[in-house]
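Novice: Those sequence lines, one after another, are chains A and B.
Just so you know, we're using our numbering here: the first sequence kicks off at 506 and counts up by one.
Just so you know, we're using our numbering here: the second sequence kicks off at 43 and counts up by one.
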Amino acid sequence: MTFDASDQAIVRALQSGLPLVPAPYAHIASELGLSEAELVERLDRMKASGIIRRIAAAPNHYKLGMTSNGMTVWDVDDGQVTRLGGIIGALPFVTHSYERPRALPVWPYNLFAMVHGSSDGEVEDKRTQIAGILGSACRASDILYSTRILKKTGLRLKKAG
Amino acid sequence: MRPLDEIDRAIVNRLQDDLPVSHRPFAPIALELGLEEDALIERIKTLLELGVLTRFGPFFDAAAMGGAFCLCAIAVPSDRFEAVTELVNAHVEVAHNYERTHDLNMWFVLATQTQEGIAITADAIERETGLTVYRFPKLREFFIGFRVVA
Chain A
506 MTFDASDQAI VRALQSGLPL VPAPYAHIAS ELGLSEAELV ERLDRMKASG IIRRIAAAPN
566 HYKLGMTSNG MTVWDVDDGQ VTRLGGIIGA LPFVTHSYER PRALPVWPYN LFAMVHGSSD
626 GEVEDKRTQI AGILGSACRA SDILYSTRIL KKTGLRLKKA G
Chain B
43 MRPLDEIDRA IVNRLQDDLP VSHRPFAPIA LELGLEEDAL IERIKTLLEL GVLTRFGPFF
103 DAAAMGGAFC LCAIAVPSDR FEAVTELVNA HVEVAHNYER THDLNMWFVL ATQTQEGIAI
163 TADAIERETG LTVYRFPKLR EFFIGFRVVA
């Protein structure tokens, strides 16, 4: 789809979040000098084309008791990573899973799977289950716990120009 | 932090679902949860102030706008951690940043409007910090279906 200057202005106006008023789109539209109907139409188009994945809340796992967050990483045989990644990604306790390039020699891992739980023990159990599925296709693995959120803002567009 | 009550939990769970674009988007959810519209909006404000929600609004996909995302990592010496955090976070392209338990102890996501923006920003961070920025762009995405149950 075309993504024009008005769309950019809309993204910029909404990137820090939706205004918390009963009619947030009317509020944003008036700030941007658009009609509410036009804004709604453009937002629906952005949703249809995938520019907006969803309009929703981002919860803070820590404050919801999910205090253990492990990024499990695996060095998986290149010929099998696509098939095995699909299996790992479908596990109910895996929230995001990606194949990424290695950075040898410091980083031999090519499969990433995020696991969240209420304790390190729970996350370790889940890691063991993943290891069982990967079996001999996996040469090495590690788990990186997140100990602090340093920044979490979502996407920010730079000012135009 | 004050403990969350059942209404707060219901709001956190419900708001992780996509909210249709409409004139009064909060009204149907308030009705569903048995709240007044204003009371729901006040609760959402409070959940944001408490940090239970980090953000509420559209999730934009930089890649669909012609932009790019890249996971990056740095091995930061512990005595420089706070200073490097400041230098990295000062870039608007840094969407989120986590401290993690590894020699590579700082992991952040760059979101830029162009493909070239990733290298430009990562190179700038290398110059400013004198540290290598390892880059791990996704080659394939297996699943994204994250929900936290409050």
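All residues carry an ideal CB built from backbone N, CA and C; glycine is no exception.
For clarity, every value in this text was computed on a predicted model and none was experimentally measured.
(1) Strictly by DSSP, which residues pair up with Ile557 (chain A)?
(2) Could you list which residues in chain B have their beta carbon closer than 8 Å to that of Arg653 (chain A), in chain order?
(3) Name, please, each residue of chain A whose Cβ falls closer than 9 Å to the Cβ of Gly93 (chain B).
(4) Gly611 (chain A) versus chain B: which residues are under 8 Å apart at the beta carbon?
(5) Go ahead and pull the three-state DSSP assignment for Tyr614 (chain A).
(6) Is there a C-beta anywhere in chain B that falls below 7 Å from the one on Ser602 (chain A)?
(7) What does Ala106 (chain B) reach in chain A if we use C-beta pairs closer than 8 Å?
(8) Kindly indicate if chain B contains any beta-carbon less than 7 Å away from that of Pro527 (chain A).
(9) With respect to the alpha helix (DSSP H) encompassing Ser535 (chain A), which residues constitute its N-terminal and C-terminal limits?
(10) Would you mind sorting Asp509 (chain A) into buried or exposed? The rule is 16 or more other CB atoms within 10 Å of its CB.
(11) Does any residue of chain A bring its CB to less than 7 Å from the CB of Asp103 (chain B)?
(12) Could you tell me whether the Cβ of Lys664 (chain A) comes closer than 7 Å to any Cβ of chain B?
(13) For Gly555 (chain A), count the other beta carbons within 10 Å of its own beta carbon; 16 or more makes it buried, fewer makes it exposed. Which is it?
(14) Say whether chain B places a C-beta atom closer than 7 Å to the C-beta of Asp509 (chain A).
(15) Please report the Cβ distance between Ala561 (chain A) and Leu46 (chain B), rounded to the nearest whole angstrom; I am assuming they are in contact, meaning their Cβ atoms lie under 8 Å.
(16) Span of the alpha helix (DSSP H) holding Ala644 (chain A)?
(17) Does any residue of chain B have a CB that is nearer than 7 Å to the CB of Arg605 (chain A)?
(18) Mind pulling the chain B residues with CB within less than 9 Å of Ala531 (chain A)?
(19) Using a Cβ cut-off of 9 Å, pull out every chain B residue sitting near Leu519 (chain A), in sequence order please.
(20) Measuring only between beta-carbons, confirm whether Asp580 (chain A) sits less than 7 Å from chain B.
(21) Thinking just about the alpha-carbon of each residue, which of A:Arg607, A:Gly522 and A:Val586 is nearest to the one in Leu113 (chain B)?
(22) Cα separation between Gly566 (chain A) and Thr577 (chain A)?
(23) With DSSP as the reference, identify every bridge partner of Arg550 (chain A), one or two as the case may be.
(24) Quick check on His138 (chain B): buried or exposed, where buried means 16 or more other Cβ atoms within 10 Å of its Cβ?
(25) I'd like to know if Phe123 (chain B) contacts chain A, where contact means its C-beta is closer than 7 Å to some C-beta of that chain.
(26) In this structure, how does DSSP classify Asn131 (chain B) when only helix, strand and coil are distinguished?
(27) Quick one: Cα of Gly640 (chain A) to Cα of Tyr603 (chain A), how far?
Specialist: Let me lay it out:
(1) B:Phe102
(2) Tyr140 and Glu141
(3) Neighbours of Gly93 (chain B) in chain A, taken as residues whose beta carbon is under 9 Å from its own, are Asn565, Tyr567 and Lys568 in chain order.
(4) Before going on, a small fix: residue 611 (chain A) reads as Val here, not Gly. Near Val611 (chain A) (Cβ distances below 8 Å), the residues of chain B are Ala117, Asp145, Leu146 and Tyr176.
(5) coil
(6) yes
(7) Ser554, Gly555 and Ile556
(8) Chain B contact via Cβ: present.
(9) Pro529 to Leu537
(10) exposed
(11) yes
(12) Unreliable positioning characterises Lys664 (chain A) in this predicted model, as indicated by a pLDDT of 49, which lies under 50. The coordinate reading is nonetheless provided below. No, because no Cβ of chain B sits closer than 7 Å to the Cβ of Lys664 (chain A).
(13) exposed
(14) no
(15) No, Ala561 (chain A) and Leu46 (chain B) are not in contact; Cβ-Cβ is about 18 Å, not under 8 Å.
(16) Before going on, a small fix: residue 644 (chain A) reads as Arg here, not Ala. Counting along the chain, Arg644 (chain A) falls outside any alpha helix (DSSP H), though it belongs to the beta strand (DSSP E) covering Cys643 to Lys657.
(17) yes
(18) His65
(19) Gly99, Pro100 and Phe102
(20) No, Asp580 (chain A) does not count as interfacial toward chain B.
(21) A:Arg607
(22) According to the sequence shown, residue 566 (chain A) is His rather than Gly. If I take the Cα positions, the gap works out to 17 Å.
(23) None; Arg550 (chain A) has no bridge partner.
(24) buried
(25) Residue-level contact check: Phe123 (chain B) does not touch chain A, since none of the beta carbons of chain A fall below 7 Å from its beta carbon.
(26) helix
(27) 18 Å
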